[in-house]
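Each remark here refers to the structure printed beneath this line.
Numbering (our numbering), first residue to last: 1 to 187.
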């Protein structure tokens, strides 16, 4: 749907607070009344944007691939990419309601990642992996820190997923130098 696509783009570019309903409707080629008829509020629209990417990815991605798929989606950027992680990063400082929704989605990701560790501290390991993912996103997408901002997604994935295998011991091992899961996208 055009409204969801436009909202996703603007939330990713500006964050929740700075993306206006007027701008979202304009980018979608619709009027604001249509946005309110379908979604009721900007907050509800934001929830739909987050659910569209994050929840779908949780439902369709095997646990052992979740971190890599989320990382690839964030690294891909551009047209057609799921920008849910970027939306999250740019919006996390917004209202308490938005922060709470993002914490809930993050907790769901951490729960899935925790299943990839046989250690007693699997929850901590999952939180560390998720923190690393968000930190990479923050430095690449929001801060645009070079050389990370322009690094080849395959190179970043190979380095990160290779190191992550030590933290989440149930991840499938990848031979050094081999691209990891090329072509996946999403948060």
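For every residue, glycine included, the Cβ atom is placed at its ideal position computed from N, Cα and C.
{"Query": "The stretch 61-69 in contact with the stretch 36-49 per 3-pair CB rule at 8 Å", "Result": "no"}
{"Query": "Alpha carbon of residue 27 to alpha carbon of residue 19, nearest angstrom", "Result": "11 Å"}
{"Query": "Residue environment, residue 146, which counts as buried when at least 16 other CB atoms sit within 10 Å", "Result": "exposed"}
{"Query": "Cβ-based neighbour list, residue 149, same chain, cut-off 7 Å, excluding 5 preceding and 5 following", "Result": "140"}
{"Query": "Residue 169 (DSSP reduced to helix, strand or coil)", "Result": "coil"}
{"Query": "Same chain, Cβ closer than 7 Å to residue 105, five either side skipped, listed in chain order", "Result": "50 and 54"}
{"Query": "Distance, residue 29 Cα to residue 155 Cα", "Result": "38 Å"}
{"Query": "Where the alpha helix (DSSP H) through residue 139 begins and ends", "Result": "Looking at the DSSP string, residue 139 is not in any alpha helix (DSSP H), and its letter there is neither H nor E."}
{"Query": "Cα-Cα separation, residue 44 to residue 123", "Result": "30 Å"}
{"Query": "Distance between residue 3 and residue 166 (C-alpha atoms, nearest Å)", "Result": "41 Å"}
{"Query": "DSSP three-state assignment for residue 16, whether helix, strand or coil", "Result": "coil"}
{"Query": "Proximal residues to residue 130 (C-beta, below 7 Å), its chain only, five neighbours per side dropped", "Result": "106, 109, 110 and 113"}
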